[in-house]
Amino acid sequence: MNNKSSIHRRLIEVDLPIQAISSHARREKSIRQGHLSTLHLWWARRPLASCRSVTLAALLPDPADALASDSYVSLVREKLSALETKRGRPPRRWEEPLQVRAALLDFVGQFANWDLALDRDYLAVARALTQAAHACTTSTPEIATRMAVLDPFAGGGSFPLEAQRVGADPVASDLNPIPVILNRALLQIVPRRGASFAQVLRDEAIRIAETVAEEIRRFYPDPAHGHRPIAYVWSRIIRCEGPGCGIEVPLFSNPWLSKRAGRYIWLAHTKSGTYVVERSSQMPRTQPQATIKKGSCICPNCGHTTPIRAVKAQLSQRRGGTADARMMTVVSVSSGAAGRHYWVPSEVDRDAVRAAVTRLDEGGFSVHPPTQQINAVSPGKFGSGIASPTRIGCVTFSDLFTERQLLVLCAFGTAVRRIEDPDVRTLLALAVDRLADYNSAHCRWAAAGEFIGNTFGRQAIPIVWTFAEINPFSGATGDWIGAVEWIAGVTEHVAKSFAQWPCNAHIARSSAARLSLPDNSIDAVLTDPPYYGSILYGDLSDYFYVWIRQMLGDLFPDLLGDQLIPKSEEAIATPTSAGPNNESKDAAFFERSMRDAFCEIRRVLTPDGIAVVVFAHKSTSGWEALLGGLLEAGWMITASWPIDTERQGRTNAQGTAALASSVHLVCRPRERLVAQGSSGVGDWRHVLDQLPSRIHQWLPRLAREGIVGADAVFACIGPALEVFSQYARVEKVSGERVELREYLEHVWAAVSREALAMIFNGAETQSLEADGRLTAIWLWTLARPTPPGDEDEAVETAELGADDEDDGVEVPSPGSGGFVIEFDAARKIAQGLGARLEELTSVVEVKGDKARLLPVSERSRHLFGVANPIAASSTRRADRRGQIPLFENSDTDDAARRQWGDAGAPSSTTTILDRVHQAMILFGSGRGEALKRFLVEEGVGKQGTFWKLAQSLSALYPTGTDEKRWVDGVLARKKGLGFG
8 MNNKSSIHRR LIEVDLPIQA ISSHARREKS IRQGHLSTLH LWWARRPLAS CRSVTLAALL
68 PDPADALASD SYVSLVREKL SALETKRGRP PRRWEEPLQV RAALLDFVGQ FANWDLALDR
128 DYLAVARALT QAAHACTTST PEIATRMAVL DPFAGGGSFP LEAQRVGADP VASDLNPIPV
188 ILNRALLQIV PRRGASFAQV LRDEAIRIAE TVAEEIRRFY PDPAHGHRPI AYVWSRIIRC
248 EGPGCGIEVP LFSNPWLSKR AGRYIWLAHT KSGTYVVERS SQMPRTQPQA TIKKGSCICP
308 NCGHTTPIRA VKAQLSQRRG GTADARMMTV VSVSSGAAGR HYWVPSEVDR DAVRAAVTRL
368 DEGGFSVHPP TQQINAVSPG KFGSGIASPT RIGCVTFSDL FTERQLLVLC AFGTAVRRIE
428 DPDVRTLLAL AVDRLADYNS AHCRWAAAGE FIGNTFGRQA IPIVWTFAEI NPFSGATGDW
488 IGAVEWIAGV TEHVAKSFAQ WPCNAHIARS SAARLSLPDN SIDAVLTDPP YYGSILYGDL
548 SDYFYVWIRQ MLGDLFPDLL GDQLIPKSEE AIATPTSAGP NNESKDAAFF ERSMRDAFCE
608 IRRVLTPDGI AVVVFAHKST SGWEALLGGL LEAGWMITAS WPIDTERQGR TNAQGTAALA
668 SSVHLVCRPR ERLVAQGSSG VGDWRHVLDQ LPSRIHQWLP RLAREGIVGA DAVFACIGPA
728 LEVFSQYARV EKVSGERVEL REYLEHVWAA VSREALAMIF NGAETQSLEA DGRLTAIWLW
788 TLARPTPPGD EDEAVETAEL GADDEDDGVE VPSPGSGGFV IEFDAARKIA QGLGARLEEL
848 TSVVEVKGDK ARLLPVSERS RHLFGVANPI AASSTRRADR RGQIPLFENS DTDDAARRQW
908 GDAGAPSSTT TILDRVHQAM ILFGSGRGEA LKRFLVEEGV GKQGTFWKLA QSLSALYPTG
968 TDEKRWVDGV LARKKGLGFG
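For the sequence shown, position 594 matches number 601 in the numbering used here, and the numbering has no gaps at all.
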């Protein structure tokens with residue numbers, strides 16, 4: 008950045024303790040009690056740990072910066088030294104500015120700890136430093152007493168909450184009314200009412216529970232054994248279309264009720280056509296059979312398979328089959344016996360359901376079953392949404408619930424609507440939303456833990472064939488008192504954060520492109536904008552909106568006047584809704600939306616202001632659209648930091664290319680350079696000359712911090728753009744403008760080359776052919792295999808849910824294994840390595856917008872001239888006996904010769920990768936003598952590049968894969984064969 012002396016350089020622009028922050032952010036994902044995430048569901052909410060540290064680092068000037076005032080640096084020394092003393096550590100005095108910077112970075116990293124979020128000492132230091140930073144960076148510190156921090160895509164409120172915690176005044180806005188209500192509750196209501204407000208909520212919740220229980224408790228009868236029912240397991244049903252059959256078949260994708268070790272319980276079909284609960288202390292030899300697989304129903308009576316189209320047709324005639332689903336099991340607990348108990352429903356249980364339907368029909372509630380229609384447009388490849396249930400006939404949001412579930416929501420919603428205190432009503436309305444999340448016909452019964460999963464296990468509503476219903480008075484997961492207790496816990500935690508601290512949050516509903524703020528009124532912007540088309544916020548939040556508008560519509564008429572959430576201005580790329588003037592919401596629309604938003608953000612930012620933009624999209628198109636909008640709006644990147652913010656076990660990360668890190672782009676308005684005499688035009692040759700050195704500096708740092716693979720690729724975009732974005736435009740010698748897309752091609756190439764050097768520890772790679780280079784970088788980029796038939800990958804490509812919890816769309820089976828990434832990313836990687844995908848069909852398979860690095864077993868025809876069934880059979884054999892010894896060869900080699908005809912040994916090939924893969928297949932198929940001949944007699948093992956590539960692939964292939972086991976087996980024979 009040219010002329011940096013004209014602005015106060017912030018701490019985040021010089022360094023950030025990303026490893027410490029990432030560690031605390033990962034830990035926070037497992038914290039629930041009192042955490043913001045339990046106030047109300049919101050998608051892709053940023054961890055408070057990263058938001059707290061990033062906010063502080065963005066607000067505080069770098070103590071080593073030339074413009075940092077002496078008073079500010081002295082205060083940093085004083086406060087941090089006093090904190091050391093209070094924590095029982097020896098007092099320290101940092102004399103050099105760089106030492107002060109290091110101490111401040113340590114503080115920022117420590118403060119990410121959840122356990123310190125309420126610590127009075129840390130809060131006092133953070134607020135004092137924030138106030139001092141304001142005096143240091145503003146030209147009129149006497150006018151505004153605190154820094155103003157804006158989040159124009161406020162969402163779940165992580166950044167606004169942390170801005171308020173560290174002593175700034177948050178300004179939060181969002182186009183969606185649900186986040187506006189959440190932020191008002193979080194930043195205005197709770198701080199104003201204080202810590203005692205939590206008990207007010209609990210007391211009111213008990214009163215409501217008693218009132219509602221008088222009305223509907225009778226519809227949840229206790230079993231005759233002195234047990235208390237906590238849940239009910241239901242199945243949608245169809246009629247078998249087999250000749251002469253026609254029985255009703257419950258659709259079980261998973262018959263298990265418990266799969267705990269030593270406690271196996273499942274539903275079993277009897278010869279009489281009924282279902283019983285079976286129990287065993289050991290895993291049964293005969294596995295319980297599902298009745299639906301990939302949307303097709305297998306009749307347990309006659310064995311006929313009713314195809315998916317017929318299943319969909321039957322359910323569509325009955326609006327999804329929720330109203331006439333069959334209750335299969337009652338789940339109960341008892342004070343006299345530990346654990347869950349499972350019962351076949353009695354006639355009393357079924358009568359209670361029928362009575363609940365009658366009561367719902369009688370009405371008398373001020374909150375009614377929602378009649379708004381579900382958006383049936385499929386998002387396709389753009390992400391997940393709510394359209395899946397419409398594939399089996401669900402039309403309105405009421406179709407997502409059983410009648411008894413609707414009765415519960417209407418009864419509790421009506422009780423909440425009668426509350427006179429608007430603050431209490433607002434918070435308890437959120438509890439009703441939580442009931443809706445845990446009490447729909449799309450909640451699973453989790454047999455591994457014996458609990459109910461919520462509707463939104465991921466960012467979509469999947470079809471769930473076998474679903475679970477809560478008892479709202481049970482005292483177990485998902486009940487009313489539990490829902491309120493979660494909210495009360497957040498209330499207590501947040502209130503403690505702001506005890507004796509006056510809060511001044513401004514919350515508004517507005518488009519990020521049209522902020523109701525004056526020019527130069529915001530000191531910093533920290534925001535997490537929409538991720539291209541990954542999350543359909545408007546469609547997803549309609550699920551809650553249809554309930555909350557009935558409970559709070561009179562309190563917030565400006566927010567809740569529409570039947571559904573308006574979506575035309577929503578800044579996402581999706582076919583599920585149209586933009587203003589009915590325009591398509593494509594990549595260009597998203598880029599324009601980002602450009603308009605960042606232009607508006609630049610308008611309201613002070614001259615010395617700073618912005619931090621978080622992005623974590625895995626597609627190159629998503630990144631290009633965001634960055635294009637950012638640069639077109641006149642911003643430049645001054646730093647970027649990847650922070651590991653994602654829960655490792657989340658559903659959509661398993662077997663997919665989902666990123667573990669979110670990249671935090673630090674930005675400044677570019678026009679300050681132009682105003683000081685810069686032409687604003689960069690020379691293309693100069694930009695390209697700087698790029699390799701920036702990547703060379705940055706990639707090893709990322710590796711040391713534990714940022715690898717795809718995360719490292721996208722994390723390098725920031726440093727690369729520091730070079731490119733400092734100019735309003737970059738031109739070639741001819742005067743032609745260089746577009747961002749072209750520059751990013753060079754960025755990918757530079758990253759690929761630098762990563763290749765890291766993989767081979769600086770060794771010469773020129774002798775390594777294109778297929779070897781591509782394979783190494785491919786695996787480095789995406790070190791997660793796609794298992795055969797992985798349903799979560801299918802979710803992203805074809806709108807299917809896990810296993811049979813799908814949308815009823817038939818999807819071709821994916822290739823067996825391999826490593827899948829986005830085609831455009833694969834093309835960029837190959838291009839950067841001097842390779843062409845179309846010339847590497849023996850290594851890579853391209854289908855649509857995906858590219859798959861073939862598993863080694865699928866390369867047998869190329870490597871040996873014939874298909875190789877031995878690898879699979881020997882793998883099964885190895886599974887039973889362990890790895891086959893290399894020189895146990897007579898039977899196996901004879902079988903191999905018969906299978907491979909006269910081949911006997913690998914055919915002559917031209918690349919080192921082919922030779923490594925041949926050796927791996929020989930080992931994996933147990934052909935010990937052939938492997939020995941190949942390596943020793945044919946001289947392949949004498950090639951140093953062979954062993955170097957094999958060693959590198961061993962580090963790159965994921966643990967547990969055939970490839971990893973085979974290449975390690977080859978390497979284990981290296982010394983014994985005389986190769987040192």
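Just so you know, even glycine gets a beta-carbon here, dropped at the ideal spot from N, CA and C.
Could you tell me the alpha carbon to alpha carbon distance between residue i and residue j, rounded to whole angstroms?
i	j	result
R172	S504	7 Å
S88	G95	11 Å
D126	A119	12 Å
C143	R59	21 Å
G253	C417	37 Å
G302	V384	20 Å
E631	L638	10 Å
A910	G948	Annotation note: pLDDT 42 at A910 (below 50); position unreliable, no value reported.
G855	L920	26 Å
R441	V491	9 Å
L728	G392	33 Å
G983	A962	21 Å
F563	V178	19 Å
In three-state DSSP terms, what is residue i?
i	result
P707	helix
E20	helix
A777	helix
I617	strand
W472	coil
H141	helix
I196	helix
E817	Residue placement at E817 is flagged as unreliable, the pLDDT there being 33, under the threshold of 50; the coordinate-derived value follows with that caveat. Residue state, collapsed to three classes: coil.
H869	helix
H311	coil
Q380	strand
P536	coil
M335	strand
Starting from the C-beta of residue i, find all residues in its chain whose C-beta is less than 7 Å away, skip the five residues before and the five after it, and write them out in chain order.
i	result
F596	A580, G586, E590
E255	I244, R246
D1003	Because residue 1003 is not part of the residues shown, which for the chain are 8 to 987, the question remains open.
Here's a check: name, in chain order, each residue in its chain whose Cβ is nearer than 6 Å to the Cβ of residue i, leaving out the five neighbours to either side.
i	result
V991	Shown here, the chain extends from 8 to 987; a query on residue 991 therefore has no answer.
T5	As displayed, the chain neither begins before 8 nor continues past 987, which places residue 5 out of reach and without an answer.
Tell me whether the beta-carbon of residue i lies closer than 9 Å to the beta-carbon of residue j.
i	j	result
I572	G545	yes
A594	A640	no
E169	T62	yes
I836	W755	yes
D530	A75	no
D761	G825	Checking the sequence shown, residue 761 turns out to be Glu, not Asp. Contact flag unset, no.
R153	N511	yes
Q379	D122	no
A238	F480	no
V850	L861	yes
H2	D615	Past the boundaries of the shown model lies residue 2; the chain is included only from 8 to 987, so the question cannot be answered.
E598	L182	no
G162	W273	no
A454	S668	no
Between which residues of its own chain and residue i is the CB-CB distance below 8 Å, once the five residues before and five after are set aside?
i	result
T277	V283
| query | Does the region 775-785 come within contact of the region 699-710, defined as at least 3 CB pairs closer than 8 Å? | reply | The region 775-785 is not in contact with the region 699-710.
| task | Please determine if the region 100-117 and the region 199-210 are in contact, where contact requires at least 3 C-beta pairs separated by less than 8 Å. | result | Contact fails between the region 100-117 and the region 199-210, because fewer than three Cβ pairs, one in each stretch, are under 8 Å apart.
| message | Whether or not the region 298-313 and the region 359-377 are in contact is what I'm after, with contact meaning three or more pairs of Cβ atoms, one per stretch, closer than 8 Å; do they touch? | response | In this structure the region 359-377 does not touch the region 298-313; the number of beta carbon pairs closer than 8 Å is below three.
| request: Could you say if the region 431-441 and the region 187-197 meet the contact criterion of at least three C-beta pairs nearer than 8 Å? | output: Flag = yes, the region 431-441 and the region 187-197 touch.
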